[in-house]
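Undergrad: Before anything else, here's the structure in question.
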Amino acid sequence: MTILSELQQLHHPLFTQHNVQVQVKRDDLIHPIISGNKWRKLKHNLIYVKQQPNFNGVLSFGGSYSNHIHALAFACYQQKLPCIGIIRGEERYASNYTLTWVKHWGMKLHFVDRKTYRRRHSSDYLMALQQQYPDYFIVPEGGSNEWATPGVAEVITELNQQAEFDTLITPVGSGGTLAGLICGDCKHSDKQHKLLGIAVLKGADYLTNEVKKLLSESARHHHNWQLLSNFHCGGYAKFSTKDTQRLLEFNQITGVKFEPVYSGKMVLALLDLLEQNHFAKGERIVLLHTGGMQGLGGMIERGILNADDWPVPLKASNE
Ligand SMILES: *Cc1c(COP(=O)(O)O)cnc(C)c1O
Numbered sequence: 314m315t316i317l318s319e320l321q322q323l324h325h326p327l328f329t330q331h332n333v334q335v336q337v338k339r340d341d342l343i344h345p346i347i348s349g350n351k352w353r354k355l356k357h358n359l360i361y362v363k364q365q366p367n368f369n370g371v372l373s374f375g376g377s378y379s380n381h382i383h384a385l386a387f388a389c390y391q392q393k394l395p396c397i398g399i400i401r402g403e404e405r406y407a408s409n410y411t412l413t414w415v416k417h418w419g420m421k422l423h424f425v426d427r428k429t430y431r432r433r434h435s436s437d438y439l440m441a442l443q444q445q446y447p448d449y450f451i452v453p454e455g456g457s458n459e460w461a462t463p464g465v466a467e468v469i470t471e472l473n474q475q476a477e478f479d480t481l482i483t484p485v486g487s488g489g490t491l492a493g494l495i496c497g498d499c500k501h502s503d504k505q506h507k508l509l510g511i512a513v514l515k516g517a518d519y520l521t522n523e524v525k526k527l528l529s530e531s532a533r534h535h536h537n538w539q540l541l542s543n544f545h546c547g548g549y550a551k552f553s554t555k556d557t558q559r560l561l562e563f564n565q566i567t568g569v570k571f572e573p574v575y576s577g578k579m580v581l582a583l584l585d586l587l588e589q590n591h592f593a594k595g596e597r598i599v600l601l602h603t604g605g606m607q608g609l610g611g612m613i614e615r616g617i618l619n620a621d622d623w624p625v626p627l628k629a630s631n632e
C-alpha cells in the first residue's frame, strides 16, 4: 500500500522531561486542499458514487466554515461530480472564506435555518431530500458513514509500516475518524495500539455511542480505545487567549502548525495529559494531524485569530 503521509518526530522539552516519544502523522499534508481526515473519509464514498449508475452527484451537510464541505466541494470539482451543500445558517455566509472557495469549485449551496439543520439525521427529512434529488448520494455531516471508516483505517495500515508505537491520539468531531482507526487497528491482532480520541466539543459523551454505531462487526469487540471528553476548552471552535498562546508556542517549538479547532485541541490535551503523568515511561505516542487549516481563513476574517500569527491557507477568491 502506498503511504500517503509521512511520520515525523517532534521535539519538545516536555517530552524529554516526561520521558515520552512523540511523532506526528502528517495527514495535513496529504493534499494542499483536501487535507487530513476529510480526504480519507471521502475516498471510498466517491469511489462508491462513481460505481453506482443511479447516482450522478453528492449531497452533504455542514456549517458555513465546514472543513468537510470545503473538501467535498474540491473533490467533486476534481472528479467532475455535481454536488450540493446543505448549509446551516443564512445566505450572507455565502461570501465567507470557506464558502467563497466552495462556490468557486461549483458546489450548489442551500442555506437552512438551525431548526431544519437539526433534522439532518432524521429519516423523513433525508427521504424528502432524496426524492427532491433522486440521483444524488447523500453523505452525512462530516462525511462520517460506513464508507468513511475503510479510508481512515488505512492510516493504521500505513503506520504499521512506518513505526512501532503504543498510543495514537486523534481529535474527535463526529466520531468517524476515531471509528475508522478502531476498525483499522482491530485487523492487526499482533500489533494493537491504544487509541485516544479527544472530543473537541462540549458534552461529548454521547459520541462514544456514535463511534460504536460506525464500527464493523469485528471492531465492536475491540476495546483498546477511549474518548476523552474534558479537553474541549469551552466548546466547539471555542478557545481562550491562553489556549492559543500555548498552541502557538507549541507550533513554534515543534515547527509543525496545528490549528485551534481540532488538531490543536489534541495538542493541548497532550500537554495536559503529560502534566497529569498520564503516560508510561518511554511511551511512544503518535498524533494524527487531521488537517483543517482552511478553517483559519474564516477565523482570521472574523477577527478571532490574528493573521500575523496564523498562516492564511489559500487566498480567498472572488472569481
Ligand atoms: C472533521 C475534522 C475532525 C473530526 O473528525 P470526525 O471524523 O468528525 O470525528 C478532526 N480534525 C479535523 C481537522 C477535521 O476537519
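Okay, so the sequence shown: first residue is 314 according to our numbering, each after it adds one. Even for Gly, the Cβ is constructed at its ideal location relative to N, Cα and C.
#1: Note down the Cα distance separating L587 from L327, rounded to an integer number of angstroms.
#2: Which one of L320, R339 and N409 has the shortest CA to CA distance from T643?
#3: Within the continuous beta strand (DSSP E) that includes Q607, where are the two ends?
#4: Three or more C-beta pairs closer than 8 Å, one from the segment 574-588 and one from the segment 465-484: is that the case here?
#5: When the Cα of N522 is compared with those of E572, L442, A620 and A492, which residue comes out closest?
#6: Helix, strand or coil for C546, going by three-state DSSP, please let me know.
#7: Just grab the DSSP bridge partners of W538 for me.
#8: Where DSSP assigns a beta bridge to Y335, which residues make up the other side?
#9: Is the number of C-beta pairs between the segment 558-575 and the segment 434-454 that are closer than 8 Å three or more?
#10: Residues in its own chain within less than 8 Å of E632 by CB, not counting five upstream and five downstream?
#11: Are there 16 or more other CB atoms within 10 angstroms of the CB of G547, so buried, or fewer, so exposed?
#12: Check whether the Cβ of P484 sits closer than 7 Å to any heavy atom of ligand 1, and report yes or no.
#13: Under 8 Å: do the segment 380-392 and the segment 335-350 share three or more Cβ pairs, one atom per stretch?
#14: Give, in chain order, every unbroken run of the beta strand (DSSP E) that is at least 3 residues long and sits entirely within the segment 443-482.
#15: Ordered along the chain, which non-local residues of its own chain (more than five positions away) have a Cβ less than 7 Å from that of E596?
TA: By the coordinates alone:
#1: 8 Å
#2: As displayed, the chain neither begins before 314 nor continues past 632, which places residue 643 out of reach and without an answer.
#3: Element bounds for Q607: n/a, residue is neither H nor E.
#4: Cβ pair count under 8 Å is three or more, so yes.
#5: A492
#6: coil
#7: The bridge partners DSSP lists for W538 are L508.
#8: It should be noted that the sequence gives Val, not Tyr, for residue 335. Note: V335 sits in a beta bridge opposite L323 and I598.
#9: no
#10: Because the pLDDT of E632 is 40, which lies under 50, any placement of that residue in the model is unreliable, and the number read from its coordinates should be weighed accordingly. Apart from sequence neighbours up to five positions away, the residues of its chain that approach E632 with a beta-carbon distance below 8 Å are H417, ordered along the chain.
#11: exposed
#12: yes
#13: yes
#14: Counting only runs of 3+ residues, the beta strand (DSSP E) found wholly inside the segment 443-482 occupies 449-452, in chain order.
#15: V333, D479 and T480
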